[in-house]
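For the sequence shown, UniProt numbering begins at 1 and goes up steadily by one.
Note that beta-carbon positions come from the ideal geometry of N, C-alpha and C, so glycine has one too.
Owing to the predicted nature of the structure, the values given are computational and were not obtained by experimental measurement.
Shown next, in structure tokens, is the structure this report addresses.
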Amino acid sequence: MGGSMVDDDWELANSPSNVVRTLVLFGRTGNGKSATGNSILGDKEAFKSKTSSSGVTENCELQRTVLSGGQIINVIDTPDVLRWPWTGVHAVLVVLSVRTRFSEEEVAAVRSLQTIFGSRILDYIIVVFTGGDEFEDNDETFEDYLGSAADPLKEVLVMCKNRLVLFDNKTKDESKGVEQVQQLLSLVNMVIEQNGGNPFTDELFAEYKKEEIILRNSNEGLSIQEISEFKEQLKRIMETIELKLKETTTRLEQQLAEEKAARLKAEEQARSNQEKFDHDIHELERN
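Set out below in structure tokens:
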């Protein structure tokens, strides 16, 4: 097992699909992304969690393990979807916690994946709920939790066709840990099968990589002019990618700001209504 920057391992995504599974962790800080990655890899030290580091994943980091049957599992932890490798991803693991309230902002974050990568990305999403130990000494079951979920969470589950799994990243029961990883990998295999055996690939970035490989492999047989034309083409493609990401980021930031402002306004209105109600009750009691 080892860690590396994702760009250097782009070729791993192109290994035979029956050998490699590449998974990307997506979720806000505190939901247990790093701990989930460690559970998948079977190594509690693979990714540094909030309690053992600064609390923030600063780089796009890849860790991997090899299962007993020889299958390679790549897990990518990243703080920013714009730092993703963009191609060769077999599943996107949206990590949520049963301990925290699911917010409109998290729905917007999932929508951002669709905005950036297109609707096809939804076909690769699996929701991983952390905090499975919460249900051990609790009358509420995970099924109860899902049944009483707020509308924003239900919306996300519908978007990913209810592909979900519960993780207990604190368990010391080895068989339980193996079982939850097997459940996840079964969902990953289902996602791959439903997508014709193909990992997710962003077409624009794939075109860039294709042209880059052609240029690298044909460098000796090309004239100076041909090499220059290839480089210019690569530059145009990358500029298009950067422009797309910049426009998307700006649009998402505006959307999130508007949704946050609307929520704050609604909360303020509710507070004002409550204060008026309390005042009216107080006046009635005085009279």
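With distance defined between alpha-carbon atoms, name the residue in 180, 33, 124, 159 nearest to residue 199. Of the listed residues, the one whose Cα sits closest to residue 199 is 124.
Drop a sphere of 10 angstroms on the beta-carbon of residue 163, count the other beta-carbons inside from all chains shown, and report buried for 16 or more, exposed for fewer. buried
For residue 177, name the three-state secondary structure that DSSP assigns. helix
Could you round the C-beta distance between residue 156 and residue 129 to whole angstroms and report it? I think they count as a contact, below 8 Å. Not quite, the Cβ-Cβ distance comes to about 11 Å (not below 8 Å), so this is no contact.
Straight-line CA distance for residue 275 to residue 101? 25 Å
Which partner residues of residue 165 appear in the DSSP bridge assignment? 128
Give me the DSSP bridge partner(s) of residue 26. BP columns for residue 26 point to 94.
Helix, strand or coil at residue 288 according to DSSP, with G and I counted as helix: Absent from the model: residue 288. The displayed extent of the chain is 1 to 287, so no value can be given.
With contact counted as at least three CB pairs below 8 Å, one residue from each stretch, are the region 61 to 75 and the region 31 to 50 in contact? yes
Sheet register partners of residue 20 (DSSP bridge): 72
Backbone secondary structure at residue 154 - three-state DSSP: helix
How big is the Cα-Cα spacing for residue 264 and residue 69? Cα-Cα distance, rounded: 52 Å.
Tell whether a beta-carbon distance below 8 Å holds between residue 110 and residue 36. Their beta carbons are not under 8 Å apart, which means residue 110 does not touch residue 36 by this criterion.
Residue 40 burial status per 10 Å Cβ neighbour count (16 or more: buried): buried
So, helix, strand or coil for residue 273, using DSSP? helix
Exposure label - residue 19; buried when at least 16 CB within 10 Å: So residue 19 counts as exposed.
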